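S.K.: Chains as they are written, first to last, in the working numbering: chain L, 213 to 642; chain F, 213 to 642.
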């Protein structure tokens with residue numbers, strides 16, 4: 213069974229993840245050979261700064277010409293860990309055209325152009341694998357795509373960004389405000405100097421697009437994902453959450469509508485009950501909850517980022533792609549046959565927690581309750597508190613559409629007795 | 213890409229799992245066709261009692277002659293959900309010999325004869341898949357075998373039997389004794405009339421053997437797994453556990469030795485800290501914690517048994533095997549290249565919680581501590597309590613080998629001042 217010609221791997225990018233991939237390919241070479249059925253050889257490493265010393269990597273393999281590397285024609289698998297849209301997209305396309313399969317960790321690119329890249333891979337009968345693009349080391353794409361291939365997935369809800377989970381966990385456990393928690397995350401290396409992609413939910417939205425696409429066999433692009441960051445979550449919100457027996461997480465939620473005819477994908481902060489398994493996901497860990505017809509509720513938990521964990525996912529894909537290549541076969545490609553419409557946020561149905569600053573006088577509650585009723589939003593609980601002429605109302609609703617809730621809030625803002633809408637937060641996980 | 217000739221599936225067994233497999237094959241036929249690339253057709257159902265009415269199954273497909281069914285020669289995939297060693301083993305072997313691949317949910321058979329069955333599958337270039345054999349619907353075998361194929365797994369620790377977790381959870385939450393909790397589990401259908409396979413740990417041991425084999429690329433048979441049931445866990449043990457901030461779970465633990473040169477596999481009740489993710493696994497749910505070099509700590513959680521969840525796992529395998537068949541390829545077979553020795557229980561290193569009934573007089577603690585020291589078992593904490601001439605000592609040790617602990621306990625029993633060893637329990641998850 214064992215053949216002697218090694219499979220040749222080209223590595224695009226040699227940062228935190230790439231260097232770890234190269235290191236494990238060396239230290240675990242015998243294991244990889246046994247598991248694949250042939251040796252794998254690092255045939256080239258494309259980098260931007262060739263003069264930087266990279267321990268354990270033969271300097272002769274290093275090149276700045278990534279295009280020439282993927283065009284060599286003798287490369288079996290290209291591992292793309294550059295990130296970003298270009299030049300990664302062109303390099304991956306070129307790799308397929310020159311006979312290589314591709315393993316990528318590039319969530320932004322896959323969320324934006326996954327369908328087009330799968331099409332090129334398919335034309336050339338090559339594999340495109342990207343387990344590392346979502347939730348780091350956690351096996352998630354393979355289980356969704358293969359283990360649950362005989363089931364019907366109705367919901368994928370998860371914490372898929374470690375940076376924001378670290379910040380929210382810190383706010384929850386210490387009572388810190390957003391800025392203070394972000395500063396600590398930055399100091400500890402959990403947040404980048406420019407944290408926008410994480411805290412504004414762009415990173416999580418890309419992952420939601422990828423997960424929704426796989427779960428529902430439907431093309432879901434980044435633009436289809438409703439996105440709300442977590443920069444406006446306050447210590448007061450956490451206090452409100454605690455009063456409800458909840459905490460706050462930034463969630464990516466992909467759902468099939470109740471009638472099964474459409475899907476939605478969204479990223480936003482939400483309250484979830486402390487008893488929900490996602491509530492106890494601490495620090496920079498990720499976890500994804502999956503609900504399906506036959507399997508019921510599953511959860512996958514683990515480190516969502518970092519060089520080693522991401523490299524573990526990349527190498528798992530590398531082994532699979534190499535095995536496919538030796539078999540003369542390819543693994544499952546894009547599956548978008550269901551082609552369900554992606555509904556806008558207005559059609560999402562969930563529960564809401566709304567804090568209002570109101571005038572402290574009789575009849576306010578009746579006025580507010582009337583507005584909810586007029587918009588068809590049913591109230592679950594109301595809590596009133598007030599002193600010194602100031603008063604607040606906290607309303608928790610039953611399930612209602614986002615459109616109905618938005619209409620309700622617009623009408624509330626027009627009431628003389630409502631001085632302000634202090635916060636609106638969705639309540640999930642019940 | 214779509215071919216019209218359907219893939220033919222033979223179902224062996226039509227009980228709780230089999231009938232659910234048949235039902236989903238019908239209700240989800242279009243999805244299965246799209247995901248596989250060809251329709252799948254139920255070509256025959258072998259049962260013991262053909263006269264029983266099976267809703268949704270064409271009576272013309274039902275046969276009592278399972279052997280004739282697997283010998284037909286036109287069957288693409290045999291789904292074996294009979295359970296037990298024979299006739300399942302012979303039927304699976306015959307299926308391979310007559311050109312079929314096999315999907316099985318049979319943990320007992322795979323733990324005992326997995327290597328031999330893989331060998332026959334390999335000779336005939338056929339697939340043998342069995343995701344459903346361990347932890348029901350939880351994708352576990354595929355992640356271990358494929359997602360982590362580029363990593364080095366050091367530890368797999370899990371709750372892999374729902375019946376015993378239901379019983380222990382009930383004892384923990386209500387203070388009930390073992391028999392009372394078992395009676396409730398039986399009344400609710402969580403325990404079988406004869407619960408031996410579950411409560412004595414045989415079921416979990418079979419799963420441990422399968423998991424250890426895959427995780428360590430080493431043949432591990434049921435006989436290699438140390439097994440201790442949970443029938444002797446008492447309400448007093450739960451009280452002791454709570455005093456330590458722990459609960460008690462029946463765990464399957466597969467470990468690579470610190471030097472990497474050998475492995476162990478064992479099933480026994482153990483205390484684990486309430487802060488450990490496995491501690492919060494409630495009711496009949498299963499969860500498995502995996503530790504690897506690069507990925508770090510992962511956890512997989514979900515329903516561990518039941519018709520629907522098990523059918524979900526069977527159907528995921530069915531889709532994979534059908535795709536392989538259309539590709540003219542096979543998936544990863546047995547991987548036992550590492551062939552590490554499986555060490556006996558004496559070499560397992562862990563911590564222990566020991567309750568002793570002792571004479572209430574001066575010097576007892578010194579005597580007991582001396583015995584521990586003489587056997588090289590280092591004490592972490594001791595708690596002494598006594599009244600009315602009776603006294604008890606609770607000792608929690610640092611990490612020590614099972615052999616050293618056993619020697620210690622034998623010596624303790626010989627002390628005049630030790631009236632009895634009330635309980636010994638391992639402490640895991642730290």
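Glycine is no exception: its CB is placed at the ideal position from the N, C-alpha and C atoms. Since the structure is predicted, the reported quantities are computational estimates derived from the model, not experimental observations.
When you compare the CB positions of residue 246 of chain F and residue 221 of chain F, do they come within less than 8 Å of one another, or not?
M.R.: no
S.K.: Using a beta-carbon distance cut-off of less than 8 Å, what residues from the stretch 357–376 of chain F approach chain L?
M.R.: Residues passing the 8 Å Cβ filter: 358, 359, 360, 361, 362, 363, 364.
S.K.: Under 8 Å: do the stretch 349–361 of chain L and the stretch 514–528 of chain L share three or more Cβ pairs, one atom per stretch?
M.R.: yes
S.K.: Return the first residue and the last residue of the beta strand (DSSP E) that residue 534 of chain L is part of.
M.R.: Segment 519–539 is the alpha helix (DSSP H) holding residue 534 of chain L; no beta strand (DSSP E) there.
S.K.: When burial is assigned at 16 or more other CB atoms within 10 Å of the CB, is residue 213 of chain L buried or exposed?
M.R.: Because residue 213 of chain L sits at a pLDDT of 47, beneath the cut-off of 50, its placement in the model cannot be relied upon, and the point is left open.
S.K.: For residue 269 of chain L, which of L:226, L:388, L:488 has the nearest alpha-carbon?
M.R.: L:226
S.K.: Tell me which residues share the same chain as residue 407 of chain F and place their Cβ nearer than 8 Å to its Cβ, disregarding the 5 neighbours each side in the sequence.
M.R.: 375, 394, 397, 398
S.K.: In three-state DSSP terms, what is residue 513 of chain F?
M.R.: strand
S.K.: Kindly indicate the opening and closing residues of the beta strand (DSSP E) around residue 461 of chain F.
M.R.: 458–468
S.K.: Just to confirm the assignment, what range does the alpha helix (DSSP H) spanning residue 330 of chain L have?
M.R.: 319–335
S.K.: Hey, quick one: how far does the beta strand (DSSP E) through residue 370 of chain F stretch, first residue to last?
M.R.: 365–371
S.K.: Using C-beta distances below 6 Å, list every residue in its chain close to residue 230 of chain F, excluding the 5 sequence neighbours before and after it, in chain order.
M.R.: Excluding sequence neighbours, residue 230 of chain F sits near 223, 293.
S.K.: Of all the residues that make up the stretch 494–516 of chain L, which are near chain F by a beta-carbon distance shorter than 7 Å?
M.R.: 504, 506, 507, 508, 509, 510, 511, 512, 513, 514, 515
S.K.: Does DSSP classify residue 237 of chain F as helix, strand or coil?
M.R.: helix
S.K.: Cα separation between residue 307 of chain F and residue 364 of chain L?
M.R.: 29 Å
S.K.: Look at the Cβ atom of residue 571 of chain L, then the Cβ atom of residue 525 of chain L, and state whether they are nearer than 8 Å.
M.R.: In this structure, residue 571 of chain L sits away from residue 525 of chain L, with a CB-CB distance that is not shorter than 8 Å.
S.K.: Taking DSSP as the reference, what is the three-state secondary structure of residue 413 of chain L?
M.R.: coil
S.K.: Starting from the beta carbon of residue 293 of chain F, find every residue of chain L whose beta carbon is closer than 9 Å, and list them in chain order.
M.R.: Neighbours of residue 293 of chain F on chain L: none; closest Cβ ~14 Å, over 9 Å.
S.K.: Which residues in chain F sit within 7 Å of residue 350 of chain L, going by Cβ to Cβ distance?
M.R.: Here the neighbours are 510.
S.K.: Give me the Cβ distance between residue 523 of chain L and residue 506 of chain F, rounded to the nearest whole Å; I'm assuming they're in contact under 8 Å.
M.R.: 6 Å
S.K.: Can you give me the C-alpha to C-alpha distance between residue 370 of chain F and residue 501 of chain F, rounded to a whole angstrom?
M.R.: 6 Å
S.K.: Residue 419 of chain L by DSSP, collapsed to three states: which one?
M.R.: If DSSP states are grouped into helix, strand and coil, residue 419 of chain L belongs with the helices.
S.K.: What is the DSSP secondary structure of residue 301 of chain L, counted as helix, strand or coil?
M.R.: If DSSP states are grouped into helix, strand and coil, residue 301 of chain L belongs with the helices.
S.K.: Excluding the 5 residues preceding and the 5 following residue 372 of chain F in the sequence, name in chain order all residues of the same chain whose CB lies nearer than 6 Å to its CB.
M.R.: 347, 416, 419, 464, 498
S.K.: Of all Cβ atoms in chain F, is any one closer than 8 Å to the Cβ of residue 322 of chain L?
M.R.: no
S.K.: Taking a contact to mean a Cβ-Cβ separation below 8 Å, would you say residue 334 of chain L touches residue 318 of chain L in this structure?
M.R.: no
S.K.: Looking at the unbroken alpha helix (DSSP H) that takes in residue 383 of chain F, where does it start and where does it end?
M.R.: 374–386
S.K.: Does DSSP put residue 481 of chain F in a helix, in a strand, or in coil?
M.R.: strand
S.K.: Looking at chain F, is there any beta carbon in it that lies within less than 8 Å of the beta carbon of residue 218 of chain L?
M.R.: no
S.K.: So residue 236 of chain L contacts chain F; which residues on that side make the cut at Cβ distance below 7 Å?
M.R.: 362, 506
S.K.: How many whole angstroms separate the CB atoms of residue 590 of chain F and residue 469 of chain F, which I take to be in contact at a CB cut-off of 8 Å?
M.R.: Not really, about 20 Å apart at Cβ, beyond 8 Å.
S.K.: Run down chain F in chain order and give the residues with a C-beta less than 9 Å from the C-beta of residue 246 of chain L.
M.R.: In chain order: 429, 547, 549, 550.
S.K.: DSSP three-state call for residue 217 of chain F: helix, strand or coil?
M.R.: coil
S.K.: What does the Cβ neighbour count give for residue 400 of chain L, buried or exposed, with the cut at 16 atoms within 10 Å?
M.R.: exposed
S.K.: At 3 residues or longer, and completely inside the stretch 254–319 of chain F: list those beta strand (DSSP E) runs for me, N to C.
M.R.: 289–292, 313–316
S.K.: In the DSSP assignment, what are the bridge partners of residue 504 of chain F?
M.R.: By DSSP's assignment, residue 504 of chain F forms a beta bridge with F:365, F:508.
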